[in-house]
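Working notes for the structure below.
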Amino acid sequence: MKIATYNIDWLNKRKIEIENILNETDFDFLILTEAIDVNLKNYKYKYFTDELPQNYEYETQNYSEILNGKKGHRTIIYSKYPALKKYFVQDKKTSIACEFETEYGKLVVYGTIIGTLYNRKPFAEIELKNCISDCIKIHEQNQNLIIVGDLNTAFLEADKKKFKINHNTTEFLIKLFENLNLVNATMNIKENIDHIIIPKSFQSKIKESEIFIPKKSKKDDHHGIFINIE
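Using the UniProt record's numbering, you'd call the opening residue of the sequence shown number 1 and step up by one each time.
This is how it looks when you write it as structure tokens:
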């Protein structure tokens with residue numbers, strides 16, 4: 001089973017290139033953040049966070065200008081599996097949680113962004129609290145929880161200082177993963193702030209944890225990353 005995530009930055013840069021690459025992907029789950037809906041031929045199902053409002057300022061941002069008339073969603077889950085159900089989340093514009101029946105049983109994919117405006121207060125703190133609250137409540141119902149998305153923090157020791165919102169965010173997330181018996185399957189990817197966190201029981205099944213879309217320049221914030229569990 002392959003799971004991937006990529007922040008596509010509203011497809012305002014490298015649009016044709018990224019669309020072509022995504023259309024060649026064949027993951028079981030692909031979670032896009034800062035996303036617009038892309039018609040991807042290999043994914044039968046897709047699930048969206050609530051559309052971002054336009055024509056007025058929302059959380060200090062004018063999304064009409066950012067999106068240039070496109071419909072924006074902070075998180076979209078593309079899937080080869082139909083969702084059995086959705087779980088409640090605190091912020092429906094930022095996070096989404098769906099349960100799927102897979103070869104590994106019923107899994108919950110929780111897609112999110114922490115730091116939609118990077119470290120700007122109060123949004124980063126609120127999004128962190130929402131993520132922690134959502135994941136604890138979901139985990140009480142299904143321990144097969146997979147957290148995927150743009151966490152805006154590196155967990156590799158060499159990158160922690162440079163690539164993070166702040167020290168507290170990183171440490172709170174590490175504690176959350178430990179408390180819920182989860183492991184970060186992508187923590188060793190260099191200069192990486194997007195992650196896939198899986199149940200510890202799947203750790204021995206990880207066969208790949210790699211980049212599938214590399215950054216093009218130092219100005220780029222995000223790799224496209226994936227894991228393969230067998």
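Ideal Cβ placement from N, Cα and C applies to all residues, glycine included.
Using only alpha-carbon positions, find the residue among P122, K13, L30, C98 that is nearest to I66.
I66 has its Cα closest to that of K13, out of P122, K13, L30, C98.
Taking I76 as the reference, give the member of T102, Y104, Q54, L40 with the closest Cα.
L40
Taking the beta strand (DSSP E) that Y78 falls in, what are its first and last residues?
72-79
May I have the straight-line CA-CA distance separating I138 from P199, to the nearest angstrom?
Those two C-alpha atoms are separated by around 13 Å.
Hey, out of L180, K164, T170, N119, whose CA is closest to Q141's CA?
Residue L180 holds the alpha-carbon nearest to the alpha-carbon of Q141 among L180, K164, T170, N119.
Rounding to the nearest angstrom, what Cα-Cα distance links I197 and S217 in this structure?
About 26 Å.
Can you tell me whether A83 is helix, strand or coil according to DSSP?
strand
Just how far apart, CA to CA, sit P82 and T186?
25 Å
Within 10 Å of its beta-carbon, does residue 232 have 16 or more other beta-carbons around it, so buried, or fewer, so exposed?
Residue coverage of the chain in this structure runs from 1 to 230, which leaves residue 232 outside it and unanswerable.
Go ahead and pull the three-state DSSP assignment for Y63.
helix
Would you say residue 295 and F100 are within 9 Å of each other, going by their C-beta atoms?
With the chain covering 1 to 230 only, the question about residue 295 has no answer from this structure.
For D159, which of Y78, I174, K175, I189 has the nearest alpha-carbon?
Out of Y78, I174, K175, I189, I189 has the C-alpha closest to the C-alpha of D159.
Using only alpha-carbon positions, find the residue among I16, F29, T33, K175 that is nearest to D221.
T33
Taking DSSP as the reference, what is the three-state secondary structure of A124?
helix
In the DSSP output, what is Y56 paired with across the bridge?
Looking at the DSSP output, Y56 sits in no beta bridge, so it has no partner there.
Given that a residue counts as buried once 16 or more other Cβ atoms are within 10 Å of its Cβ, and exposed if not, what is K93?
buried
Which of the three DSSP states is assigned to N168 in this structure?
helix
Helix, strand or coil, according to DSSP, for H139 in the structure here?
Under the three-state reduction of DSSP output, H139 falls in the helix class.
Within 10 Å of its beta-carbon, does S133 have 16 or more other beta-carbons around it, so buried, or fewer, so exposed?
exposed
Rounded to whole angstroms, how far is the Cβ of I174 from the Cβ of K207, which I believe are closer than 8 Å?
The Cβ separation is near 24 Å, so there is no contact.
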